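With the numbering used here, you'll find the sequence shown wraps up at 399, consecutive numbering, no jumps. By construction, the Cβ of each residue, glycine as well, lies at the ideal position given by its N, Cα and C atoms. This one's a predicted model, so the numbers in the text were calculated from it and none came from an experiment. Comments concern the structure below.
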Amino acid sequence: MTAKERVRIALDGGKPDRVPFLLECDYDYMAIAAGRAPWQYEFGDEAERAAIHEDLYRRHPTDLWKCWGGRSRRLAGQRQVVMRGGEPWLQVLTTGREYRIDRLGNLSDGQGRPVALDREGKEVSQQSAAVWVASDGYPRSVESEADIEELLGPVPPAPFWIEDGFLATLERLLPKYGQSHFLMFPLNTIFADALDLFGGFQAGLEATYSKRALFHRALEVIVEWKKSRLRAGASLGAPGAWMIEYCAGADTISPAMYREFVFPYEQEVAREAHRLGLRTYMWYLGHVMPLVPDLARLEVDALFPEQGRKGYEVDIVEMRRLVGERMCLIGFNDEQALIRGDQQALMSEMRRQIEGAGRDGAFIMGTTIITGDTPVEHVDFYVQALAELGAYTRLGA
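What follows is the structure, given as structure tokens:
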């Protein structure tokens, strides 16, 4: 059975030969596991970014390959990296400014002061950059429907995502691995995108009350952008896409707000994906447990929560009870147990999740997002543990 077949069976609610694996990590870890410095992913060209994906998945054999989005080719042409004394520097051609790049990809000026740049390469204050939750920000917040169109621009035709480079990694890897592995592309968030249009996290949440109708209109437009990207990925032959939602858990908004401002827009995107023949999973960051009955009706193919934080618990076994046997669930590890390399804790929780939520299939073993401070060898162990614990012959299948 190929990795692609294994994932498809699980997403469709079936039971493959073993539990498939999904690796979730940040860009820093991706680069480190691929034998690079983190800055090389952040500032690498399309070929380098695709190569980092390949080397990551060679190091940690994964059934489902996440092909992250690329930078705009239009904007990438406005900057270049040069090496000086063995150190990388970023040259912004539109402004003539140069910045030192540290190992993690952070920028500083000639005096060593930290610098943040917007998408156009212009300096912005660190404080102003911190308010944005899903974008590089906007010059002003939305006050009218005309502002939405002006700030977002017209909904692009599907070829835009290919021609401008967003799907460059997917486009490079599909011909080599598309028959053997399940390659997916990102849709990113809907709700947090709208928060940014209205001024960022706090101002955006306030706008759900003070500018309710306008906020809904922004969500409608954002959905059209997501549907355009879906059509682009489908045209390349991708089998699926993943959706992300954050700032929308029950630790941030109420279930009633979720049902009004999040659920109908997520569902519309999920339905469009199915119309195009794509599988989808929802990576939901935040307190998901009060929302599980709603998410079970969302029409995504799988639900991928993260571990509980801020005092709440997320239990994949309880989620199985709530969603029934056929909706695919994606499990996760305890973040600190993986960083510490606590093998007993990792295996115990993996066994509990597989037996309690995946014994009859419809299950993929994932990870909590792995960060650059996690030793690569600890993830090697995690992959090996799944090979041992995830075989359905062991579970008496």
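Which class does residue i belong to by DSSP, given the choice of helix, strand or coil?
i, result
"Met-3", "coil"
"Thr-210", "helix"
"Ala-304", "strand"
"Ala-278", "Correcting the residue type first, residue 278 is Leu in the shown sequence and not Ala. Three-state DSSP puts Leu-278 in coil, outside helix and strand."
"Ser-350", "helix"
"Gln-80", "coil"
"Arg-51", "helix"
"Ala-39", "coil"
"Ala-136", "coil"
"Glu-44", "helix"
"Gly-107", "coil"
"Tyr-286", "strand"
"Phe-23", "strand"
"Leu-340", "helix"
"Met-85", "strand"
"Gln-93", "strand"
"Arg-328", "coil"
"Arg-99", "strand"
"Pro-116", "strand"
"Ile-125", "The identity of residue 125 in the sequence shown is Glu, whereas the question assumes Ile. It is a strand residue."
"Gly-15", "coil"
"Gly-313", "coil"
"Gly-333", "strand"
For residue i, tell me which candidate among the options has the shortest Cα-Cα distance.
i, options, result
"Met-367", "Val-378, Ala-389, Gly-374, Arg-277", "Ala-389"
"Ile-371", "Glu-100, Glu-44, Lys-228, Lys-68", "Lys-68"
"Leu-391", "Met-349, Ala-364, Gly-279", "Met-349"
"Tyr-394", "Asp-362, Ala-258, Gln-269", "Asp-362"
"Pro-292", "Ser-256, Gln-80, Glu-147", "Ser-256"
"Ala-220", "Asp-149, Tyr-384, Gln-82", "Asp-149"
"Pro-90", "Asn-108, Pro-177, Glu-152", "Asn-108"
"Ile-341", "Thr-376, Glu-327, Met-321, Phe-334", "Thr-376"
"Glu-48", "Ala-252, Ala-170, Arg-81, Gly-180", "Ala-170"
"Ser-230", "Lys-124, Pro-266, Asn-190", "Asn-190"
"Lys-124", "Leu-92, Met-245, Gly-155", "Leu-92"
"Trp-227", "Glu-26, Ser-182, Phe-45, Tyr-267", "Tyr-267"
"Lys-213", "Ala-240, Gln-181, Phe-263", "Phe-263"
"Asn-335", "Arg-328, Glu-327, Gln-346, Ser-182", "Gln-346"
"Pro-241", "Gln-181, Ala-258, Val-135", "Gln-181"
"Tyr-314", "Ala-252, Arg-353, Gly-15", "Ala-252"
"Met-352", "Tyr-384, Met-329, Arg-328", "Tyr-384"
"Met-259", "Leu-278, Glu-270, Leu-207", "Leu-207"
Please state whether the Cβ-Cβ distance between residue i and residue j is less than 8 Å.
i, j, result
"Val-381", "Phe-184", "no"
"Ser-137", "Asp-195", "yes"
"Ala-243", "Trp-163", "no"
"Val-400", "Ile-192", "Because residue 400 is not part of the residues shown, which for the chain are 3 to 399, the question remains open."
"Ser-110", "Arg-99", "no"
"Gly-71", "Pro-161", "no"
"Arg-261", "Asp-296", "yes"
"Val-325", "Val-290", "no"
"Leu-319", "Gly-310", "Looking at the sequence itself, residue 319 is Val, so the reference to Leu does not match. Not in contact: Val-319 and Gly-310 (Cβ atoms no closer than 8 Å)."
"Ala-272", "Glu-301", "yes"
"Tyr-43", "Ala-52", "no"
"Leu-238", "Leu-172", "yes"
"Thr-254", "Gly-288", "yes"
"Arg-121", "Leu-154", "no"
"Asp-28", "Thr-373", "yes"
"Arg-73", "Leu-95", "no"
"Ala-298", "Arg-322", "no"
Taking only the alpha-carbon atoms, compute the straight-line gap between residue i and residue j and give it to the nearest angstrom.
i, j, result
"Phe-217", "Asp-57", "42 Å"
"Pro-18", "Tyr-286", "24 Å"
"Leu-24", "Arg-105", "27 Å"
"Ala-250", "Gly-87", "46 Å"
"Ala-5", "Tyr-211", "46 Å"
"Ile-332", "Val-157", "32 Å"
"Gln-338", "Pro-116", "29 Å"
"Ile-54", "Ala-36", "6 Å"
"Gly-167", "Ala-275", "21 Å"
"Arg-75", "Leu-176", "20 Å"
"Trp-41", "Asp-30", "8 Å"
"Ala-236", "Glu-247", "21 Å"
"Gly-46", "Gly-15", "38 Å"
"Val-135", "Arg-396", "43 Å"
"Leu-197", "Leu-232", "22 Å"
"Phe-306", "Gln-113", "44 Å"
"Glu-2", "Leu-199", "With the chain covering only 3 through 399, there is no way to say anything about residue 2."
What I want to know is whether the C-beta of residue i ends up closer than 7 Å to one or more non-hydrogen atoms of the ligand ATP.
i, result
"Gly-155", "Absent from the structure shown: the ligand ATP. Ligands present: none."
Ranges of the alpha helix (DSSP H) found wholly within the region 226 to 270, counting only runs of at least 4: The qualifying runs are 257 to 263.
Taking the runs of the beta strand (DSSP E) that are 3 residues or longer, which of them lie wholly in the region 140 to 198? The region 140 to 198 contains these whole beta strand (DSSP E) runs: 184 to 190.
Suppose only complete runs of 4+ residues qualify. What are the alpha helix (DSSP H) ranges in the region 365 to 394, listed by chain order? Whole alpha helix (DSSP H) segments, 4+ residues: 378 to 391.
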